[in-house]
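Protein chains in written order, with this note's numbering: chain A, 1 to 160; chain B, 161 to 457. No residue lacks a Cβ here, since even glycine has one placed at the ideal position from N, Cα and C. This structure is a prediction, so every number in the text was calculated from the model and none was measured.
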Amino acid sequence: MKERNVTLRINGEAHVFNHVPVHKTLVQLLRDDAGLMGTKEGCGEGDCGACTVLLDGEPVNSCLVLASEADGKEVLTVEGLSREWELHPLQQAFVEEGAVQCGYCIPGMLLAAKALLDANPSPTEAEIRGAIAGNLCRCTGYVRIVQAIQSAVASMSRPR
Amino acid sequence: MLSEFELFEPRDLQEAITILTELGGRARPFAGGTDLLVEMREGRTRPEYLIDIKGLDELKGMTVSDNGLVVIGALTTLRALERSATIRERLPILYDAVSQMGSVQIRSRATIGGNLCNAHASADGTAALMALGARLQLHGSQGRREIAIEDFFSGTHKTVLQAGEILTHIHLSAGSPGTGGAYTKFTVRKAMDAALVGVGVFLQTEQAGAVCRAARIALATTGPRPERARRAESTLSGQRLNDAVFERAGEAAAEEANVGSNWRAPEDYARHLVKVVLPEVARQAWQRAGSQGREVS
Chain A
1 MKERNVTLRI NGEAHVFNHV PVHKTLVQLL RDDAGLMGTK EGCGEGDCGA
51 CTVLLDGEPV NSCLVLASEA DGKEVLTVEG LSREWELHPL QQAFVEEGAV
101 QCGYCIPGML LAAKALLDAN PSPTEAEIRG AIAGNLCRCT GYVRIVQAIQ
151 SAVASMSRPR
Chain B
161 MLSEFELFEP RDLQEAITIL TELGGRARPF AGGTDLLVEM REGRTRPEYL
211 IDIKGLDELK GMTVSDNGLV VIGALTTLRA LERSATIRER LPILYDAVSQ
261 MGSVQIRSRA TIGGNLCNAH ASADGTAALM ALGARLQLHG SQGRREIAIE
311 DFFSGTHKTV LQAGEILTHI HLSAGSPGTG GAYTKFTVRK AMDAALVGVG
361 VFLQTEQAGA VCRAARIALA TTGPRPERAR RAESTLSGQR LNDAVFERAG
411 EAAAEEANVG SNWRAPEDYA RHLVKVVLPE VARQAWQRAG SQGREVS
């Protein structure tokens, strides 16, 4: 086949895309067809992590996943992190800790961090650094980003 | 942008073999895609057909039999191996290798079979499996065959797979008492880097770990493909283990390694790294051999 229909859930909503060319990548589908511009395409080769989304809960480089491979799966992008106008604790912490400069890497950084905290709610600094090793930031370095993730860990573990 | 291709999504092994046999060199099996899609994007390969084999459920996951035979499906992701308690506890050498490959994002997609079939000289998972003495199950239109992992590679990025043949499973033995292995990749960066050299050591010991019965040593990145260091292995076999013995093994491996200069490391540096890294790895393997023995006794 040269094209196929792709049925998937994006941020909890069901979507059907018809006649998707099979050489289209997931990041292209998200941006061009679903209109979700939060996910960035950086290197396009799986080095920079800017295109990180969660595919059935696992962090993946959406530039190295064909749209067809996401058929039947659940995708979480940065747009699905906040609820209404309430930021996800990770997003809130990134803002408060000044972890964001140009912002290009941040959607991928947030989703890599979310995947870590979903599996391991109290990671060590080394585990945090390991989890975001595939996400490059060329502005701040990683100190404030790591601090923001640690701060989110603290706020998420506090009883509400 | 990827160039255009036609996609097939076979539902079982036989269908995949039929399609691949028919299409020959114009088709590429497509597993995790973390190497293949990058090669396509860079224009280094331009297949007319991709055969997405991820629908072949029989090639996924891992089983351990009572007799200690471990069967790993070729489509098992590096991440699944990294997370497996069995791998951590019984085959830590494989954990050493897969947990250091690429990023979490890459490991979530990349498969152990893909790592073998791409036949990179720097393939950490391949070198660890070689030290473990893995045997590979290949299925093709002519039926099934099993080969030793050393015989799988015919050059850099080249394997002995025939057109239409698919690597389906990897067979190895779970660590038994008195055995232990370790793998170290020596890199410039702490993550997201290919090894300057990778060294895997697997020891079978006796007399409560004091003596080496047999050893397997595998090197990655040094030569055109992962390779065994058999002379270094023979310096260990039958020896009472100690630091001096490990250092001699390092010297033997540095001498015999099929090293060519590459942009990662000039030849003399690569040999030096083998010489100094190997004894460290061997000591760790020895410790693990001891701890496994103690658990059982």
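B/G315 and B/A279 have their C-alpha atoms some 8 Å from each other. From the listed residues B/E169, B/R243, B/T181 and B/D195, the smallest Cα separation to B/D212 is found for B/E169.
When the five nearest sequence neighbours on each side are left out, the beta carbons in the same chain lying within less than 6 Å of the beta carbon of B/R250 are those of A334 and G335, in order along the chain.
With a 10 Å radius around the Cβ and a threshold of 16 neighbouring Cβ atoms, B/S163 comes out exposed. For A/G42, there is no enclosing alpha helix (DSSP H), as DSSP marks it with neither H nor E. Residue environment: A/W85 is assigned as exposed (fewer than 16 neighbouring CB atoms within 10 Å of its CB, all protein chains considered). Three or more beta-carbon pairs separated by less than 8 Å link the stretch 98-108 of chain A to the stretch 33-52 of chain A, which places the two stretches in contact.
Non-local C-beta neighbours of B/L254 in its own chain, meaning closer than 6 Å and more than five positions away in sequence, comprise I247 and A288, ordered along the chain. Contact check between the stretch 351-359 of chain B and the stretch 317-328 of chain B: fewer than three CB pairs, one atom from each, fall below 8 Å, which does not count as touching. Rounded to the nearest whole angstrom, the CA to CA distance from B/S244 to B/R267 is 13 Å. Per DSSP, B/C372 is not a residue of any alpha helix (DSSP H); the beta strand (DSSP E) it occupies stretches across V371 to A380. Here DSSP, grouped into helix, strand and coil, assigns B/D284 to helix. One Cα belongs to A/E45, the other to B/S259, and the distance between them is close to 20 Å. Counting only runs of 3+ residues, the beta strand (DSSP E) found wholly inside the stretch 178-265 of chain B occupies 187-190, 209-212, 222-224 and 229-233, in chain order.
When CB distances to chain B are screened at a threshold of 9 Å, the residues of the stretch 133-152 of chain A falling below it are A133, G134, N135 and L136, in chain order.
Contacts with chain A (Cβ-Cβ distance below 8 Å) from the stretch 253-282 of chain B involve G262, S263, V264, Q265, I266, S268 and R269, listed in chain order. Beta-bridge partners assigned by DSSP to B/K345: B/G358.
DSSP links B/K318 through a beta bridge to B/G315. Of all residues in the stretch 215-248 of chain B, only R239 come within less than 8 Å of chain A when Cβ atoms are compared, listed by chain position. By DSSP's assignment, A/V16 forms a beta bridge with A/T7.
In terms of beta-carbon proximity, A/M1 lines the interface with chain B, with at least one pair separated by less than 8 Å.
Counting along the chain, B/E166 sits inside the beta strand (DSSP E) bounded by residues E166 to F168.
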